[in-house]
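Plus 755 on top of the position in the sequence shown (first one is 1) and you've got the numbering used here.
Cβ atoms here follow ideal geometry from the backbone N, Cα and C, with glycine treated the same way.
Inspection log for the structure reproduced underneath, given as structure tokens.
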Amino acid sequence: MLSKKLGSLFALVIVPALAQVPISPASPQTASVISPRQHAPRRVAGLRPDRVIDNVTVSDSTNWSGYAVTGSSFTHAAGSWIVPTVNCSKTPNTYSSFWVGIDGWTSSTVEQTGTDSDCNGSSPSYYAWYEFYPNPSFLISSVPMSPGNKVSAAVTYNGTEFTITITNETTGKSFSKSSRVRGAKRSSAEWIAEAPCCTNAGGILPLADFGIVDFGQDYTDISSTNDATDSSITGPIGSFGNAVNEAIMVNGSTGADEAVPSSLTTDGSSFTVTWDSE
């Protein structure tokens, strides 16, 4: 089904398979569609069974690396990270996304906002975006990003709609957008490094060498980040106990690791993800 939708997109917009192409505006001078880029729900690799390590359930994914917490009726997820530098001489024509969101761990929507560190050919590209998946991803041109910038972001739900907010804490620029999302389960919250979608065939785009990306208060000094609220818990990732899940990004064909998260820091709020696609 995804490949059919992508086929329709390519019929309308003739572009190279891996190009970043801003087209129709979402709101004047603030955001434009990134087509056919999508930041999709987790794809389960199915190559190794889930395993429990230090009370954290660890699973393999072909597009996600990082942490998720599961529960019910999530109303808030907040995150922070430092925009990583990509090595485009090593990995030209590759892509990497870093975001916070609600849904997508086991459900079919994702309400999310984040940044990309991409390689357009051998040239690096850094930008902010938001997405109410399965709707398109939108470039946020009013909040420029550069490597080393500190970013805070949040997704909230007020009973009828979701609001995303992303701020470049280094420059002070901020953006917010609200939308209703049909079918949203609000069953998880996530802090993720992603290989976005999609190739012509609907597959995962190749992952850029981003080195190491730092998530959470212990690295950014931005308080109350990598926190979430569901029907019974408010707090950092670690406060969700046995509902904490870790995703390791692996190659869908070989099972080789591509991006690997660290353990959570002692306060349960922070972690790193390391590129590992040698």
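- T911 counts as buried, since at least 16 other C-beta atoms from the protein chains shown sit within 10 angstroms of its C-beta.
- Burial check for A823: the Cβ neighbour count within 10 Å reaches 16 or more, so the residue is buried.
- Annotated three-state conformation of D973 is helix, per DSSP.
- Per DSSP, the unbroken beta strand (DSSP E) holding I919 starts and ends at F917 to N923.
- Counted as a single uninterrupted DSSP element, the beta strand (DSSP E) harbouring F853 occupies residues S852 to I857.
- In the structure shown, the three-state DSSP call for I837 is strand.
- By the neighbour-count criterion, in which 16 or more other beta carbons inside 10 Å mark a residue as buried, N955 falls on the exposed side.
- Annotated three-state conformation of S816 is strand, per DSSP.
- Here DSSP, grouped into helix, strand and coil, assigns F887 to strand.
- The alpha-carbon of G958 is positioned some 13 Å away from that of R797.
- Measuring C-alpha to C-alpha distances from I988 to each of S814, T825, N923 and N1000 identifies T825 as the nearest.
- As computed with DSSP, V865 is found in a beta bridge with Y888.
- The closest CA to that of N848, considering only N875, G914 and F893, is found on N875.
- The Cβ atoms of A944 and A998 do not sit closer than 8 Å to each other.
- Bridge pairing for F930: I921 [DSSP].
- Following the DSSP letters along the chain, one finds M1004 inside the beta strand (DSSP E) bounded by residues V999 to V1005.
- Between W1030 and G990, the C-beta spacing is not below 8 Å.
- As the crow flies, the alpha-carbon of V968 is around 32 Å from that of G938.
- Assignment of beta-bridge partners to F995 by DSSP yields no partner.
- When the beta-carbon positions are compared, A1002 and W836 stay at least 8 Å from each other.
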